[in-house]
Structures are given as C-alpha cells and as structure tokens.
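In my numbering, the protein residues as written are 811 to 1085.
Take a look at the structure below.
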C-alpha cells in the first residue's frame, strides 16, 4: 500500500468503524448515497476519515425515519440552509418520542409497584389504615345508568385522562356511597375514577379525604363476602361506615388469568360510632 492510502480505510475497516456490514456500504455506493473516495482498478475501495462524518449524518437521518432517497437528495445539494431546518425538525420529533417513552416507562413502573405491593399482601386481612388525601379524575354520575351509558361513562373517563396527559398506569376504580354499602348495593357505582396528579385544574375531580379507612380485599366475585367481613371488623372495633368506599384492582387481567383470580382492594371510610 502506498503512503497516500495509509490515510484511508478499506471497506472492511470502514464497515467495522461504522458498525455496519460491508453489504450496507456496497448498497450505499450502488444508489449513489455514499461512494468510496478511491476506487482502484484492482477492485479495492477506500474511504476517508472525512466520510465517517458523512456516514454519521446519513445514519442519523435514517434512524429518525428519513428515507434513503430523501437523504440522497438532501446531501446532493446540501447547504446549511437546507440541513439545519431538517435537523431541528428531527430533533423536535426525537424529543416528542422521548416524552412518550418516559410516559410509557411511568405507566410500567406504576403497574410494577402495584403488583409488587399485591404480592406482599395478605388478601384475607382487614385492617385500619390512615390514608393521605388523593386526587381522582371521576366520571359522570353512573348511579342506575343503563348498561350502554354505563360503559360509555368509563370510556369517557379513560379518554379524558389520556387527553389531559394524566395516565400514569393507575387502574380504573369505583366509588360507592354509604347508602349503597348499608343496603348491599355492591354492583352500582356512583362514579368511576382514576388516580391523577395533584393540582389539576378544570377537570372533574374528587379528592379522597385523608383519614381512617378499613382496608380489605375481594377475590373474584366474592364482593358480598368481602364487604360483610369488613363491616363486621368495623363494627367490632366500635366504628361505623363513613361517607364513601373505594374499589381498585390490585391484580387485574394483565397480571392473572381468569376473573376468579383477580384481586380488588376495598377502602371503606370509617368514623367513630356516635352513642
């Protein structure tokens, strides 16, 4: 190899430097996108180190979805005035993708945390727990709605949460009023809810009050048994049912097979029994 060629990469060396197969470089040469700076009569091909920078730009555009034909057109008559606006556009697209991925990561982290909490829980237990207030986005009133409107209310709630960018992976829950609990009307929520960030304005919100709650669990369709067990526990400890009860899935169909294996967490607001 002559002195001059010491500054150049063979096709194999350049492919290794760029982390691609030699066939990729051959293809780029065939379509006129990136050709070796030197082509010898004996078939040897050589790339300069300056072409590595060009390859990086090609790869950058390719990674953000620009077709090779369009990349070729851009590079053929490239000027800062043409390249910079496109780079800015692609930078904005990447930033948006990062936001979406971070949002997806938050949803996954929430589901993992809820599931890990469930794995450490004794589902036969009932206990009193002091809970801080939490903010929920709620549906329209669903009490005694016909079936189709009932389903529509859930869809509207999910859509509202997503459209406001508030979905963090928390499951849809349901709210019962005190009267429903006492009359054993366990199949007719007053509202559905999804936990959201605090301080959200101009949306339908319900703030679950801080205070003492009886916390128990329902497996599958054992709703009456679960509430009966919890109410007995409340009364046995000299307390009474408060204004609301809240239900939320701990293990849903994403994590377990069959409705009979799904676990619902029940939180009943309690207050002292008036004598």
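Glycine is no exception: its CB is placed at the ideal position from the N, C-alpha and C atoms.
Check, Outcome
"For residue 908, the three-state DSSP class (helix, strand or coil)", "helix"
"Contact check, residue 1048 vs residue 1081, beta carbons under 7 Å", "no"
"Exposure label - residue 890; buried when at least 16 CB within 10 Å", "exposed"
"Run of the alpha helix (DSSP H) containing residue 1016, from where it starts to where it stops", "First-last for residue 1016: 1015 to 1018, but that is the beta strand (DSSP E), not the alpha helix (DSSP H)."
"Residue 923 burial status per 10 Å Cβ neighbour count (16 or more: buried)", "exposed"
"Counted within 10 angstroms of its Cβ, other Cβ atoms place residue 975 as buried (16 or more) or exposed", "exposed"
"Own chain partners of residue 927 with C-beta closer than 8 Å, once the 5 adjacent residues on each side are dropped", "1060"
"Residue from 902, 1023, 862 and 946 whose Cα sits closest to the Cα of residue 1093", "Outside the modelled stretch of the chain, which goes from 811 to 1085, sits residue 1093, for which no answer is possible."
"Option in 988, 1023, 1006 and 1021 with minimal Cα separation from residue 1015", "1006"
"C-beta contact flag for residue 1073 and residue 1027 at 7 Å", "yes"
"Distance, residue 838 Cα to residue 823 Cα", "16 Å"
"Proximal residues to residue 996 (C-beta, below 8 Å), its chain only, five neighbours per side dropped", "986, 990, 1033, 1034 and 1037"
"Nearest-angstrom Cα separation, counted from residue 895 out to residue 1022", "58 Å"
"Buried versus exposed call for residue 1041 [16 or more other C-beta atoms within 10 Å across all chains shown]", "buried"
"Per-residue DSSP class, three states only, for residue 821", "helix"
"Separation of residue 988 from residue 930, as counted between CA atoms", "29 Å"
"Counted within 10 angstroms of its Cβ, other Cβ atoms place residue 872 as buried (16 or more) or exposed", "exposed"
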